[in-house]
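**Student:**
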Amino acid sequence: MKGDYSRITFDPKKHYSGILMQQGRVQTDADFNEQFDLTRHCMETEVQDFIGQSGVPEKNSGFSLRGEADKLLIGAGRCYVEGMLIENDSEVSYTEQDDLPGQTLPDEDGLYLVYLDVWRRHLTSLEEPVLRDAALGNQDTAARIKNLWQTKMIKLGDKELTLNVEQKSRFKPGKGWNPSIETKNPNDLPLSTGCLKAQVTGGGSTLGNQLYRVEIHTPGAAGTATFKWSRDNASLAAEVTAITDETITIRYIGCGTEYGFKSGDTLEVTNDEIELQGQPGILVQVDQVDDVSLRLTIEEADRDAWYKKIVGASSAADLKRLRKLHTRVRQWNSSGTLPVPTDSTKWEKVENDLEIQFTVNLDPAGSAHYKTGDYWLIPSRSLMKDIYWEQDADGNPLALTSYGIDHFYTCLGLVVCDNKTWSLQEDLRVPFKNLIGGLLSKEGDTVTGNFGIEGTLQLAEGEAIRGFSNDEKLSANSDELVPTQKAIKTYIDDQVVKSSSNKDLEDFIGFSL
């Protein structure tokens with residue numbers, strides 16, 4: 021949500037259902053954006069209540085897996101994950117996903133779990149240039165939110181491996197599965213487990229009307245992870261139109277030249293490929309400003325990444341590549357990155373009487389791991405000389421989890437790689453019927469798994485079945501009770517024992533029950 025917003029006011033704990041405009045009142049972006057969040061929350065909650073954590077519609081079910089020699093294909097259709105509508109318009113190869121550039125298939129033989137990673141991506145005119153309107157002097161207007169999907173895989177074992185029912189049960193929707201369960205890598209967690217507190221000291225007289233953004237840059241535990249901050253929600257950004265070595269040319273520097281980039285500024289240079297892979301951009305310092313050209317200072321440790329990920333060459337960048345990847349530069353007000361302290365009681369000074377504290381989540385292990393891109397927003401207001409931040413009954417700031425980026429998952433299937441040839445071992449998707457068709461179709465359906473009935477099962481024709489009989493003599497002669505296999509076997513065995521001659525036995529065996 022790196023946009024020019026006043027603040028984000030949606031809070032599901034308040035249980036609001038709508039925003040009502042009043043005459044003669046000032047309207048802010050926060051009101052309209054909260055209405056969108058309320059509508060989305062209501063819609064996605066209802067979908068989850070009907071469908072569950074995830075599922076595919078019986079008709080137009082999406083994201084099927086199909087092996088085709090050395091390719092793994094992802095089928096077209098729809099899927100719902102945590103109430104979010106996820107769509108794949110046409111069958112696509114695993115290595116050619118639009119929103120996961122650079123994805124490759126493993127070469128190693130084995131059994132792999134294929135899953136769907138979905139999250140919401142915030143898009144401005146830097147990522148979607150079509151949002152600019154020529155009639156408005158090529159200025160941008162509203163931003164967009166995209167339900168983004170990425171298909172990924174994890175190796176579970178050798179290609180001969182076959183999982184039993186209990187082992188596969190953990191992949192079912194609603195079981196809380198996430199990639200870190202298999203990889204044991206905290207970077208594969210859905211969200212940072214570390215929390216943040218914020219407070220104002222010194223009276224708050226230096227506070228302005230800002231939306232501070234604190235964002236994780238380098239992932240890891242406290243002491244390894246780093247963060248950066250912006251007083252304008254990192255909304256001051258520009259398109260990069262040319263790169264030669266360490267000089268970049270930019271277009272649209274945001275709010276105007278008076279707020280443009282200047283010598284000494286900390287900038288982050290990134291593109292779609294870096295962002296979609298969940299990696300941080302390259303942090304640089306502005307050394308010299310010349311109209312729309314910026315001479316940058318790049319740390320020695322970042323030089324290889326600069327030429328490989330940003331420039332894409334040894335010197336000058338290809339213009340088509342810059343446009344295709346929407347290469348952009350964004351201003352941060354922190355002086356480079358700052359380490360997340362290992363002391364979870366330490367308060368870090370930001371600016372203007374604002375302090376923050378990274379602290380552990382309230383989990384049994386008391387651990388804290390931070391993921392790249394996860395962020396917290398802190399609105400400050402000059403008139404009240406304070407910030408908007410949740411507090412306890414005594415007025416102390418609460419430790420809050422990050423606003424995002426929330427990742428949600430659903431398992432698609434088990435596939436086997438055998439000498440670079442891919443095949444589907446088992447489809448893990450869960451289909452659901454529409455409400456009009458009902459749970460069972462009149463045309464006939466197959467029920468998988470345990471099927472329990474409480475009450476009477478009324479057949480279309482004949483008698484009603486109300487239960488099962490263990491009567492080993494079959495003496496009840498009932499049309500309402502189904503004899504069990506054990507009861508029938510006991511009855512037959514009893515009849516065989518009673519047979520006094522081979523002829524009696526032959527007559528019994530030839531008898532048609």
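By the count of my numbering, the sequence shown reaches residue 533 at its end, each step adding exactly one.
Beta carbons: idealized from backbone N, C-alpha and C, even for Gly.
Can the beta-carbon of F452 be found less than 9 Å from the beta-carbon of P77?
**Tutor:** A distance below 9 Å separates the beta carbons of F452 and P77.
**Student:** S400 to N80, Cα distance in whole Å?
**Tutor:** 47 Å
**Student:** Between the C-alpha atoms of W249 and S354, what's the straight-line distance to the nearest angstrom?
**Tutor:** 5 Å
**Student:** Quick one, are the C-beta atoms of V138 and E102 less than 9 Å apart?
**Tutor:** yes
**Student:** Go through the stretch 322-388 residue by residue and report every complete run of the beta strand (DSSP E) that reaches 3 residues or more, in order.
**Tutor:** 348-352, 374-379
**Student:** Going by Cα to Cα distance, which pick from V380, R233, N470, D208 is closest to G298?
**Tutor:** D208
**Student:** The beta strand (DSSP E) spanning I398 covers which residue range?
**Tutor:** 395-401
**Student:** May I have a chain-ordered list of the alpha helix (DSSP H) segments no shorter than 4 residues that lie completely inside the stretch 36-115?
**Tutor:** 49-71
**Student:** Since W442 sits in a beta bridge, which residues does DSSP pair it with?
**Tutor:** C437
**Student:** Using the Cβ count rule (16 or more neighbours within 10 Å means buried), how would you classify Q351?
**Tutor:** buried
**Student:** Between A257 and L146, is the Cβ-Cβ spacing less than 9 Å?
**Tutor:** yes
**Student:** Run through DSSP, which three-state label would Y423 get?
**Tutor:** coil
**Student:** Classify Y511 as helix, strand or coil using the three-state DSSP reduction.
**Tutor:** helix
**Student:** For L303, which three-state DSSP category applies?
**Tutor:** strand
**Student:** Measure the C-alpha to C-alpha separation of K188 and D129 and round it to an integer number of angstroms.
**Tutor:** 20 Å
**Student:** Just mark F56 as buried or exposed, buried being the case when its beta carbon has 16 or more other beta carbons within 10 Å.
**Tutor:** exposed
**Student:** Mapping the DSSP letters down to three states, classify P206 as helix, strand or coil.
**Tutor:** helix
**Student:** Can you tell me whether DSSP reads L231 as helix, strand or coil?
**Tutor:** strand
**Student:** So the alpha helix (DSSP H) D292 belongs to, where does it begin and stop?
**Tutor:** 292-296
**Student:** Can you pull the DSSP bridge partners for S489?
**Tutor:** P503
**Student:** Please identify the residue among I39, G332, N158, D160 whose C-alpha is closest to the C-alpha of E266.
**Tutor:** G332
**Student:** Tell me the residue span of the beta strand (DSSP E) that contains K248.
**Tutor:** 246-250
**Student:** Helix, strand or coil: how does DSSP classify I456 here?
**Tutor:** I456 falls in the coil class under three-state DSSP.
**Student:** The beta strand (DSSP E) that contains K217, what's its start and end?
**Tutor:** 215-220
**Student:** Whole angstroms is fine: what's the gap from Q534's alpha carbon to G194's?
**Tutor:** Because the chain is modelled from 21 through 533, residue 534 falls outside the range shown and cannot be assessed.
**Student:** Start and end of the alpha helix (DSSP H) containing S313?
**Tutor:** That residue, S313, is in no alpha helix (DSSP H); its beta strand (DSSP E) goes 313-317.
**Student:** Would you call the CB atoms of V306 and L287 closer than 9 Å?
**Tutor:** yes
**Student:** Looking at Y100 and S74, is the spacing between their C-beta atoms short of 9 Å?
**Tutor:** Taking 9 Å as the Cβ cut-off, S74 and Y100 qualify as a contacting pair.
**Student:** Quick one: using the 10 Å Cβ neighbour count with 16 as the cut-off for buried, is I28 buried or exposed?
**Tutor:** buried
**Student:** For the alpha helix (DSSP H) holding Q187, just list the boundary residues, first then last.
**Tutor:** 185-189
**Student:** Can you find the residues in the same chain that come closer than 6 Å, C-beta to C-beta, to D447, ignoring five residues on each side of it along the sequence?
**Tutor:** G433
**Student:** Run through DSSP, which three-state label would G223 get?
**Tutor:** In the structure shown, G223 adopts helical secondary structure according to DSSP, grouped into three states.
**Student:** Do the stretch 78-97 and the stretch 218-233 meet, that is, are 3 or more Cβ pairs less than 8 Å apart?
**Tutor:** no
**Student:** Kindly indicate the opening and closing residues of the beta strand (DSSP E) around A258.
**Tutor:** 257-264
**Student:** Please report the straight-line C-alpha distance between E180 and Y132, rounded to a whole angstrom.
**Tutor:** Near 11 Å, if we compare the C-alpha coordinates of Y132 and E180.
**Student:** Would you kindly work out how many angstroms separate the C-alpha atoms of G224 and A337, rounded to a whole number?
**Tutor:** 46 Å
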